[in-house]
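If you read the sequence shown in our numbering, its first letter stands for residue 3, the second for the next number, and so on. Using N, Cα and C, we set each Cβ at its ideal position, and we do this for glycine too. Accompanying notes for the structure given below.
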Amino acid sequence: KDLSLCAALICLDLKTPWTMMEDLAQWLEILKRVVGDLMQQLPLGEQDRLREQVSEELAEYEAPEAPDTEAESQAKSEAKSEGAEVVLSYNFGIPLIVVVTRSDTSNALESPKTLGWSETIEAYLRNECLPFGAAIVYTAAQGKVPRNLEALYEYLMHRLYGHKLKTPPNVPSRDALFVPGGWDSRERIDKTASALEGGLDRAFESVVVSLDASLPSPPQEVKCDDMQKFLKSSSAVLQKIGAVSARSDKAKAALAGASAKKAPTELSGAGSGKRASIDAGKAGVSTKGDVANFFQNLLTRGQSGANLTPEKRASTASAKAAPSAPAGGSGEEPKLAPPSPAQGSAKEETTPSAAPEAKEEAAAPKEEAAAPKEEAAAPKE
């Protein structure tokens, strides 16, 4: 595999500058592993040749524009000597270019909250790319005037095929920064960082902070004690405030239940002990007011039974004694045969004897009416 015609590009996003340094560090680590594996497949001589080629290109870099004055000539010679002093901490053996995309969003870095971010991003990017000999290019593809697209293409042709580079460095710049590999130096970066508050000693994330709306914090986890711990803690609190324990309440309820059981046995001799015992068992506690209400209900029931007239009682008794309809499916009343002369005479003979029986049936309700009065008088005894 021929790596002499290969170049590595790492793309960053200027729209979210607070993640640029972290993204750059991650991609550099990935690139080290990938290029290292590819270099191991080449002979040692080829590896050394690729690394020497990269170092020579960086050391021999010259700005495209010739100086017009003596001061500019002296500055160029100083820049060339500074570029020759560049020592790479890691040589990939291939050209490395860091492309910062969407540079047209740099207008958002001019607000009061982002004041000074452009200079900070430039200084930190240059400081991070210098040990690798990487070039920096800000690009913007959208808009009427694209930025640095021609410069990026020209620089690739220069590094891979040896074409002449005509685009000069553009430093400083908010949206069209161009730092060719070999042009930058430690002295130039320190000069730029001296204008920053705290220089390069401050953490990048402490200066360029996220502008995204912070997500709501997740609800705090609530830990609940088990039932035994809760009961122990509750008992301690109840004892402090002077509350009555559940054991004492159970003892009182047991005593009340025992007294309630005794009360129905005393009332059983009066003829209504079973009902009183049931009521006392349900209520748990028997009081004098409950006993008085019980007997009052018995009296009112007896009075309501005594107020019934003999006619109503006779009608109810005859309704009870009426025979049921014959079980048949037709539903028609049976036709009776006409009585014979002998039956007619028998019926006339039995008619007078039916009168005493009707008198006895009329007297039966009176005896039944007297029964509730006797039952109502029993409690008074």
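Would you mind sorting residue i into buried or exposed? The rule is 16 or more other CB atoms within 10 Å of its CB.
i, result
"tyrosine 157", "buried"
"serine 187", "buried"
"aspartate 177", "buried"
"tyrosine 163", "exposed"
"methionine 23", "buried"
"serine 91", "exposed"
"cysteine 131", "buried"
"leucine 127", "buried"
"phenylalanine 206", "buried"
"leucine 111", "buried"
"serine 235", "exposed"
"valine 89", "exposed"
"valine 37", "buried"
Would the beta-carbon of residue i fall within 7 Å of that of residue j?
i, j, result
"phenylalanine 134", "leucine 98", "yes"
"alanine 65", "proline 174", "no"
"arginine 149", "lysine 17", "no"
"leucine 202", "asparagine 93", "no"
"leucine 11", "aspartate 25", "no"
"isoleucine 96", "proline 19", "no"
"alanine 195", "alanine 125", "yes"
"valine 102", "tyrosine 155", "no"
"alanine 153", "aspartate 106", "no"
"leucine 5", "glycine 183", "no"
"tryptophan 119", "valine 210", "yes"
Helix, strand or coil for residue i per DSSP?
i, result
"isoleucine 96", "coil"
"cysteine 226", "coil"
"proline 66", "coil"
"glutamate 24", "helix"
"glycine 291", "helix"
"tryptophan 29", "helix"
"lysine 322", "Bear in mind that the predicted position of lysine 322 carries a pLDDT of just 48, short of 50, making it too unreliable to give a figure here."
"leucine 60", "helix"
"tryptophan 185", "coil"
"threonine 18", "coil"
"aspartate 4", "coil"
"glutamate 199", "coil"
"alanine 205", "coil"
"proline 133", "helix"
"lysine 234", "helix"
"valine 211", "coil"
Just how far apart, CA to CA, sit residue i and residue j?
i, j, result
"valine 239", "aspartate 292", "38 Å"
"glutamine 28", "threonine 21", "11 Å"
"lysine 1", "glutamate 121", "Because the chain here runs from 3 to 383, residue 1 falls outside it and cannot be looked at."
"alanine 197", "tryptophan 185", "20 Å"
"serine 237", "methionine 229", "12 Å"
"methionine 41", "valine 100", "21 Å"
"threonine 302", "phenylalanine 296", "10 Å"
"histidine 160", "proline 221", "56 Å"
"isoleucine 32", "alanine 9", "15 Å"
"aspartate 192", "glycine 200", "12 Å"
"glutamate 46", "aspartate 39", "Contrary to the premise, residue 46 reads as leucine rather than glutamate in this sequence. C-alpha separation (whole angstroms): 13 Å."
"leucine 1", "alanine 294", "No answer is possible for residue 1: the residues shown for the chain start at 3 and end at 383."
"glutamate 189", "serine 108", "26 Å"
"alanine 265", "glutamine 298", "In this predicted model, alanine 265 has a pLDDT of only 49, less than 50, meaning its place in the structure is not dependable; the value taken from the coordinates is given anyway. Roughly 17 Å between the two C-alpha positions."
"serine 212", "serine 113", "14 Å"
"glutamine 55", "lysine 115", "44 Å"
"isoleucine 138", "asparagine 172", "10 Å"
"arginine 51", "leucine 167", "23 Å"
"phenylalanine 232", "leucine 30", "56 Å"
"glutamate 48", "serine 208", "43 Å"
"histidine 165", "leucine 151", "17 Å"
"glutamate 1", "leucine 117", "With the chain represented from 3 up to 383, any question about residue 1 goes unanswered, as that position is not in the structure."
"lysine 242", "arginine 204", "56 Å"
"leucine 2", "glycine 145", "The chain is shown only over 3 to 383; residue 2 falls outside these bounds and no answer can be derived."
"valine 224", "glutamine 43", "57 Å"
"alanine 58", "valine 147", "The sequence shown places glutamate at residue 58, not alanine. Looking at the two C-alpha atoms, the distance is approximately 35 Å."
Could you please give me the residues that DSSP links to residue i through a beta bridge?
i, result
"arginine 149", "Ala142"
"isoleucine 12", "Val100"
"phenylalanine 180", "Val139 and Asn172"
If we cut at 7 Å on Cβ distances, does residue i have a partner in chain B?
i, result
"valine 147", "As a matter of chain content, chain B is missing from the structure shown, which is built from one protein chain."
Quick check: is any heavy atom of the ligand SAH less than 6 Å from the C-beta of residue i?
i, result
"threonine 107", "Among the components modelled here there is no ligand, and therefore nothing to report on the ligand SAH."
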